[in-house]
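What follows is a set of notes on a single structure, which appears directly below.
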């Protein structure tokens with residue numbers, strides 16, 4: 037194991053040293069927003085540190101709908117700037133991170149008397165295309181649509197409109213952004229919970245953090261603190277006014293691809309409440325999502341799908357793909373994410389009617405970001421840094437530089453073109469290290485997934501894994517993609533990863549018990565009580 041490996045042993049040594057330094061910027065929150073802020077600060081030479089209470093991407097950023105999209109629905113709500121920004125950032129990510137952010141074909145079927153009809157939807161897409169700068173949609177009459185999308189509900193079907201957005205592995209996107217930030221001098225720690233902000237008079241001058249692994253507390257001092265804590269944003273900031281965070285839960289089902297094979301993402305209105313839902317291919321499986329309802333459980337508990345949400349999503353499958361007859365027993369796994377929607381307090385408004393704009397709250401020495409979209413994380417980061425620049429004492433300009441540094445990948449003769457692209461997309465700057473391990477371990481895949489065994493070994497050794505769920509639910513997605521949370525593969529995962537993680541037998545066995553319990557509680561179908 038190299039001296040500079042980014043792992044738990046490094047973290048234990050580094051924590052006191054990092055706490056002793058004075059920082060230009062301390063970022064709180066290790067999702068895509070926090071990672072983006074760290075990346076943009078590090079590129080500008082700011083001394084910057086990110087602290088995450090659980091694990092990187094643990095909250096919403098590993099449990100999103102996986103879509104990098106321009107927000108077609110926001111056009112209908114008149115949010116044209118949000119849509120324009122989103123389509124431009126989507127194009128940037130598609131160009132900079134192929135293999136991680138990939139184009140995805142969407143089909144909206146149209147039915148007799150249904151909304152939106154082909155003309156209305158075509159009009160929306162014409163605006164969408166104008167904002168993106170190119171035509172991106174096509175209408176398919178009935179006979180062509182049946183060929184393009186077999187298995188769709190046929191009664192009243194007129195045809196369908198096809199357009200393109202993009203899809204990603206959201207947790208790996210966070211890892212890649214953090215990797216870029218660290219390569220430019222930023223530092224990031226997981227498992228450090230911020231207990232309170234430290235103030236001198238009215239000004240925030242740092243924070244008190246607790247290492248969740250050891251219980252030790254550390255004081256971190258910085259010229260500015262940027263909070264990107266999602267639904268937790270209200271917990272530390274000084275609140276004023278009516279605006280607050282309204283936590284909204286979105287839950288998803290994951291099915292084996294053979295059970296509901298789709299070559300495109302299908303978008304349609306749920307008959308129960310006329311909300312848009314999706315069925316789409318992801319990582320060799322099929323996702324059904326999402327719900328949109330108030331999340332009332334305590335935020336310190338891991339979010340989980342409810343029985344009602346399962347019924348709602350199964351009803352969506354039955355509505356749109358009746359011949360597939362998808363049942364609860366077909367579900368491989370589930371996940372639920374909690375979106376931080378900024379609300380004016382009018383809780384009479386339906387969750388899906390809340391605007392998806394973001395908000396910045398600024399107090400001396402501290403900027404809090406709430407809301408926003410995965411797709412526009414770079415723009416949100418720049419906005420936060422602009423608000424922090426005065427506290428830090430540095431000007432800020434956006435030269436439009438790339439998020440991900442391009443490099444010439446080394447030859448990978450043992451891998452297919454698809455595998456090469458996938459590894460480049462997921463690992464970026466770390467690819468040479470992954471390939472060195474590949475020569476040692478080979479290019480075998482884990483069961484029927486696209487994940488290589490070498491990716492598990494690399495993550496265990498070099499991606500700051502503190503617990504088994506970090507490895508199986510976020511560094512890789514094996515806990516979602518394989519039956520029973522990948523239980524059948526655990527003996528081999530142990531043989532490969534235990535020594536790399538530095539765990540003794542007792543620690544591994546405890547981690548395995550904890551992980552399987554967590555998977556049953558939060559990533560499988562809910563058990564009726």
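In the working numbering, the protein residues as written are 37 to 565. C-beta atoms are modelled at their ideal positions from N, C-alpha and C, and glycine is treated no differently.
Straight-line gap, residue i to residue j (C-alpha atoms, nearest Å)
| i | j | result |
| --- | --- | --- |
| residue 547 | residue 93 | 19 Å |
| residue 118 | residue 492 | 37 Å |
| residue 208 | residue 291 | 21 Å |
| residue 446 | residue 83 | 32 Å |
| residue 203 | residue 542 | 39 Å |
| residue 451 | residue 250 | 41 Å |
| residue 520 | residue 289 | 14 Å |
| residue 278 | residue 298 | Interpretation of residue 278 is limited by its pLDDT of 49, a score under 50 that renders its predicted location unreliable; the figure taken from the coordinates is listed afterwards. For residue 278 and residue 298, the distance between alpha carbons rounds to 44 Å. |
| residue 478 | residue 272 | 47 Å |
| residue 155 | residue 309 | 22 Å |
| residue 401 | residue 411 | 27 Å |
| residue 424 | residue 393 | 20 Å |
| residue 461 | residue 137 | 8 Å |
| residue 527 | residue 473 | 20 Å |
| residue 362 | residue 296 | 8 Å |
| residue 102 | residue 237 | 43 Å |
| residue 126 | residue 172 | 13 Å |
| residue 409 | residue 97 | 10 Å |
| residue 19 | residue 454 | The shown model of the chain, from 37 to 565, leaves out residue 19, and the question about it has no answer. |
| residue 551 | residue 43 | 19 Å |
| residue 516 | residue 430 | 43 Å |
| residue 419 | residue 507 | 32 Å |
| residue 294 | residue 367 | 12 Å |
Residue i vs residue j beta-carbon contact at 8 Å
| i | j | result |
| --- | --- | --- |
| residue 142 | residue 303 | yes |
| residue 611 | residue 414 | The structure shown does not extend to residue 611, since the chain is modelled only from 37 through 565, so no value can be given for it. |
| residue 329 | residue 282 | no |
| residue 322 | residue 287 | no |
| residue 106 | residue 122 | yes |
| residue 379 | residue 280 | yes |
| residue 405 | residue 245 | no |
| residue 482 | residue 509 | no |
| residue 129 | residue 139 | no |
| residue 269 | residue 376 | yes |
| residue 45 | residue 538 | yes |
| residue 417 | residue 111 | no |
| residue 158 | residue 175 | yes |
| residue 396 | residue 76 | no |
| residue 133 | residue 440 | yes |
| residue 534 | residue 41 | no |
| residue 201 | residue 104 | yes |
| residue 333 | residue 350 | no |
| residue 505 | residue 319 | no |
| residue 253 | residue 242 | no |
| residue 199 | residue 161 | yes |
| residue 522 | residue 511 | no |
| residue 78 | residue 168 | no |
| residue 267 | residue 346 | no |
| residue 370 | residue 560 | yes |
| residue 215 | residue 464 | yes |
| residue 71 | residue 230 | no |
heavy atom of the ligand ZN below 7 Å from residue i C-beta
| i | result |
| --- | --- |
| residue 326 | Only the bare structure without any ligand can be found here, which leaves the ligand ZN out of the picture. |
Beta-bridge partners of residue i, as assigned by DSSP
| i | result |
| --- | --- |
| residue 204 | 137 |
| residue 567 | Outside the modelled stretch of the chain, which goes from 37 to 565, sits residue 567, for which no answer is possible. |
| residue 317 | 322 |
| residue 233 | 243 |
| residue 288 | 325, 371 |
| residue 223 | 85 |
| residue 61 | 84, 260 |
| residue 312 | 305 |
| residue 357 | Per DSSP, none; premise fails for residue 357. |
| residue 298 | Answer is none; residue 298 lacks a bridge partner. |
| residue 255 | 244 |
Can you give, in chain order, each stretch of the alpha helix (DSSP H) that sits fully within the region 71 to 151 and has at least 4 residues?
-> 108 to 112, 116 to 132
Would you call the region 44 to 55 and the region 216 to 228 touching, i.e. three or more CB-CB distances under 8 Å?
-> The answer is yes - the region 216 to 228 touches the region 44 to 55, with three or more Cβ pairs under 8 Å.
Touch check for the region 58 to 73 and the region 257 to 266: three-plus C-beta pairs under 8 Å?
-> yes
Within the region 526 to 560, ranges of the alpha helix (DSSP H) (whole runs, at least 4 residues) | Whole alpha helix (DSSP H) segments, 4+ residues: 526 to 537, 541 to 558.
Determine contact between the region 349 to 359 and the region 176 to 196, defined as no fewer than three beta-carbon pairs at a distance below 8 Å.
-> Enough Cβ pairs lie closer than 8 Å, so yes.
In chain order, each beta strand (DSSP E) run of at least 3 residues that lies wholly inside the region 148 to 197 = Listed in chain order, they are 173 to 177.
Whole beta strand (DSSP E) runs in the region 386 to 471 with 3 or more residues, listed along the chain?
-> Scanning the region 386 to 471 for uninterrupted beta strand (DSSP E) segments of 3 residues or longer gives 395 to 399, 402 to 406, listed from N- to C-terminal end.
Segments assigned alpha helix (DSSP H), at least 4 residues, entirely inside the region 472 to 522 | Correct list: 489 to 498, 514 to 517.
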